[in-house]
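Notes to accompany the following structure.
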Amino acid sequence: MASSASTQRSVLTPEGVPIEIELADHGARAGALLIDLAIIFGIPIIALPLFVVLTPFAGGIAGAMFLILTFFLRCPFFIAFELRWQGQTPGKRVFRLRVVDRRGGALSPRAVAARNVTREIEVFMPATLLMFRPSDIGSGMDTMLALMALVWLAIFTLMPLFNRDRLRVGDMIAGTWVVRAEPVALLQDLSGKPPTRRYRFTPAQLDVYGIAELQVLERLLRQPNTRNTLDTKKDVLARILVKIDWDDREAVDSESFLNEYYAALRAHLEQRALLGDRRADKHEAAAHRA
110 MASSASTQRS
120 VLTPEGVPIE
130 IELADHGARA
140 GALLIDLAII
150 FGIPIIALPL
160 FVVLTPFAGG
170 IAGAMFLILT
180 FFLRCPFFIA
190 FELRWQGQTP
200 GKRVFRLRVV
210 DRRGGALSPR
220 AVAARNVTRE
230 IEVFMPATLL
240 MFRPSDIGSG
250 MDTMLALMAL
260 VWLAIFTLMP
270 LFNRDRLRVG
280 DMIAGTWVVR
290 AEPVALLQDL
300 SGKPPTRRYR
310 FTPAQLDVYG
320 IAELQVLERL
330 LRQPNTRNTL
340 DTKKDVLARI
350 LVKIDWDDRE
360 AVDSESFLNE
370 YYAALRAHLE
380 QRALLGDRRA
390 DKHEAAAHRA
């Protein structure tokens, strides 16, 4: 699917390199949510009939039990998957979407919790109110309450349509974007010639980054050596040296070190991929090390 300039955003990584991302479209986000909701509501739909059969007195409270069970499934479901799968749920994985931090950092547990707890207020509270029939509430305000819940639901559900970054209220609070997450693949190598090695890197020093960071480094190395590019390379070098805990930092030549680290990291990731261990980015690499 072709991307347009209106959906492209630039994020500055912690290494100081700007990368381009594409915002997820509304249809894909809706489809992902429907898949997740099918799982969340499918579990009690399957479990409750079995419980009612085994416990006859539970038939009268089956509806209340359904609401309670789905309530306790919703937030843990979204939070657990987005933390474990680096911003993805089963629905987002099917549609190749991912939640990312708008500042370019790691997706924090606080941000994940904020965006998903807020969904309760945005969607599920008014939707639950709409599920009650007037006779259930027993008040002359039934119609007004249902209308208020419908307006509430419409405002929050349609919020992403009316801001340029397609943000839910939860995304605004958490500082997140939902973006397209196409499968990350290794790009063509910078050079087919084996480089002369001045620096040796341990597996632990290569395990700190993934394919996404390799591609960021590759794009940087391909750029012409303007003053801004050279300054960026120095900044990236300093961050890498700290990240991999390199000892003799004063004797490092910026250009040769970055090229050799790129070559070593690429070979390391290719070897991992052959063994079925694909590390899309540094956050996934950190999860493997944990």
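Here this note's numbering is used: the first residue of the sequence shown is 110, the next is one more, and so on. Ideal Cβ positions, reconstructed from N, Cα and C, are used throughout, including at glycine.
Quick check on DSSP: helix, strand or coil for residue i?
i, result
"R118", "strand"
"V317", "coil"
"A111", "With a pLDDT of only 46 at A111, under 50, the local geometry of the prediction cannot be trusted, and no value is derived from it."
"R275", "coil"
"E129", "strand"
"G151", "helix"
"D354", "coil"
"A382", "helix"
"Y308", "coil"
"E231", "helix"
"E359", "coil"
"Q324", "helix"
"D134", "coil"
"G140", "helix"
"A215", "coil"
Which residue marks the beginning of the alpha helix (DSSP H) containing residue i, and which one marks its end?
i, result
"W261", "D251 to T266"
"D210", "Per DSSP, D210 belongs to no alpha helix (DSSP H); it is in the beta strand (DSSP E), L206 to D210."
"R334", "A small correction: the amino acid at residue 334 is Asn; Arg does not occupy that position in the sequence shown. Neither: N334 is in no alpha helix (DSSP H) and is coded neither H nor E."
"L270", "Run containing L270: none; DSSP gives neither H nor E here."
"T227", "P218 to R228"
"G200", "P199 to V203"
Regarding residue i and the ligand COA, is the C-beta to nearest heavy atom distance less than 7 Å?
i, result
"F150", "With respect to the ligand COA, the structure shown offers nothing to examine, as it has no ligands at all."
Could you give the residue range of the beta strand (DSSP E) that holds residue i?
i, result
"T285", "T285 to R289"
Report the option in the options whose CA atom is closest to the CA atom of residue i.
i, options, result
"A223", "E191, L206 and F204", "E191"
"S217", "F204, G319, L182 and I282", "I282"
"H135", "F271, I128, L146 and R328", "F271"
"F265", "M234, I128 and T252", "M234"
"L367", "R331, Q380 and W261", "R331"
"A137", "R205, F150, Y370 and A376", "R205"
"A139", "M268, A376, C184 and L121", "M268"
"A360", "Y308, G214, I154 and L121", "Y308"
"R328", "P312, V345, Q314 and A313", "V345"
"R358", "K343, Y371 and D251", "K343"
"A373", "W286, I155 and A313", "A313"
"L132", "V208, A258 and W194", "V208"
"R212", "L121, S365 and E364", "L121"
"A263", "L378, V232 and R219", "V232"
"W261", "L239, D340 and D251", "L239"
"Q324", "S115, R118 and E129", "E129"
"I170", "R289, F180, L326 and L157", "L157"
Check whether the region 220-238 touches the region 274-294, counting contact only when three or more Cβ pairs, one atom from each stretch, lie closer than 8 Å.
In short, these stretches touch, since the Cβ pair count reaches three.
Spell out a yes or no on whether the region 313-321 and the region 345-359 are touching, meaning 3 or more CB-CB pairs, one atom from each, closer than 8 Å.
Yes: the two stretches touch, three or more of their Cβ pairs being nearer than 8 Å.
Within the chosen definition, does the region 197-211 reach the region 141-156 through at least 3 CB pairs nearer than 8 Å?
The answer is yes - the region 141-156 touches the region 197-211, with three or more Cβ pairs under 8 Å.
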